[in-house]
Amino acid sequence: MKEMTKRVLMTLTGVSVSGFSVGMFNFSVMGVDPFQVLMHGIAKHVPIDFGTLYMICNLVMLVAIFFADKKKIGLGTFINIFLLGYIVEFSSAFFAGLIPDPSLPIRILFLAVGVLILCLGSALYFTGDLGVSTYDAVALILSEKFPVKFQYIRIATDLVCTGTGFLLGGVVGVGTLVTAFFMGPLITLFRHRVSMPLRYGKAGTDERIAEENKKRTHKD
């Protein structure tokens with residue numbers, strides 16, 4: 663019971679923190695994350711509103727993930743689909759009301775902090791292991807099926823989303839490029855240094871990292 667409570671708290675905290683970080687991205691006006699670039703690019707070519715498009719794409723990906731690895735679907739998945747948008751909306755309005763006319767240094771600060779807490783939040787709910795967002799699941803599943811570390815697969819999927827979204831008319835900013843190149847490595851860093859020790863303790867973390875490396879070696 664204590665273990666499940668810890669996992670639920672890590673999942674809820676991770677998703678909530680991630681939502682606030684997207685609000686910080688919006689406040690910085692320096693580019694959205696790669697998946698959002700792709701969604702905005704697609705939205706320019708289909709006759710439906712963005713919210714409906716976003717839901718349809720997530721549901722299609724949810725079906726694909728169910729058949730690829732249904733263990734990635736859980737509490738965190740549905741919180742991302744149904745709650746994350748409200749957290750982003752609230753945090754965006756909160757920051758805009760707090761600082762109505764931010765200077766460039768303030769916007770850069772919000773972008774930098776936003777990237778860090780987005781990666782921390784992702785690491786928390788990844789390790790809670792109660793389901794992840796449909797987009798996050800893609801890199802996690804691929805990293806488990808191929809002998810390539812998660813951080814490098816995440817960079818690849820982010821760059822594919824960014825490039826495709828840009829070609830379709832999505833807007834790419836500094837924040838987009840920062841997340842594309844640094845989210846994967848930073849999530850891994852926070853998993854190994856923060857979220858895994860929080861759940862498993864130091865000894866348990868070392869064992870699990872060794873197991874991950876061993877599995878990857880066998881796939882080579």
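Position in the sequence shown counted from 1, then plus 662, gives you our numbering. Where is the CB? At the ideal position from N, CA and C, for every residue including glycine. Keep in mind the model is a prediction, meaning the values are calculated, not measured.
Distance between beta carbons of residue 780 and residue 680, contact taken as under 8 angstroms: 6 angstroms
Contact under 7 angstroms by Cβ, residue 817 with residue 805: no
7 angstroms Cβ shell around residue 704 - same chain, five flanking residues per side excluded: Excluding five sequence positions before and after residue 704, the CB atoms of its chain that fall closer than 7 angstroms to its own CB belong to 715 and 830, given in chain order.
Pair within 7 angstroms by beta-carbon distance, residue 697 and residue 797: yes
Among 711, 784 and 802, the one whose alpha carbon lies nearest that of residue 732: 802
Neighbour-count burial assignment, residue 711, 16 or more Cβ in a 10 Å radius: Exposed is the call here.
Nearest-angstrom Cα separation, counted from residue 790 out to residue 853: 10 angstroms
Three-state secondary structure assigned by DSSP to residue 668: For residue 668, the three-state secondary structure derived from DSSP is helix.
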